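Single-structure report; data block below.
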Amino acid sequence: MAKYLRIHDLREDRDKTQQQLADELNMYKTTYARYEQGEREPPFAFMIQLAQYYGVSLDYLAGLTDSPEPPAENNAP
């Protein structure tokens, strides 16, 4: 699955509009829409911000896994 489809699905699952999410992420709606529609490649920093916002892993956003769960923190010394 393309990452822009995951971005779209995550937003819709939370009943947010593109404008609402763009406002929460401090960006222009047109920029967000271009990322979501696959018209522009989202920068890595944006993908990190989205992963943190949604509580999912970067691998999930990138389509490398179907599990949205972020990896467990490793507290080993």
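full-length UniProt numbering applies: residue 1 is where the sequence shown begins, and numbers increase by one.
Don't be surprised by glycine CBs; every beta carbon is placed ideally from N, CA and C.
Since the model is a prediction, treat every value here as computed from it, not as a measurement.
### Task
Could you tell me the distance, in whole angstroms, from the CA atom of residue 45 to the CA atom of residue 38?
17 Å
### Query
Which stretch, first to last residue, makes up the alpha helix (DSSP H) that contains residue 47?
44 to 54
### Message
Looking at residue 21: is its Cβ nearer than 8 Å to the Cβ of residue 35?
### Response
no
### Message
Taking the straight line between their C-alpha atoms, what separation do you get for residue 7 and residue 16?
### Response
12 Å
### Query
Around the C-beta of residue 64, are 16 or more other C-beta atoms found within 10 angstroms, so that it is buried, or is it exposed?
exposed
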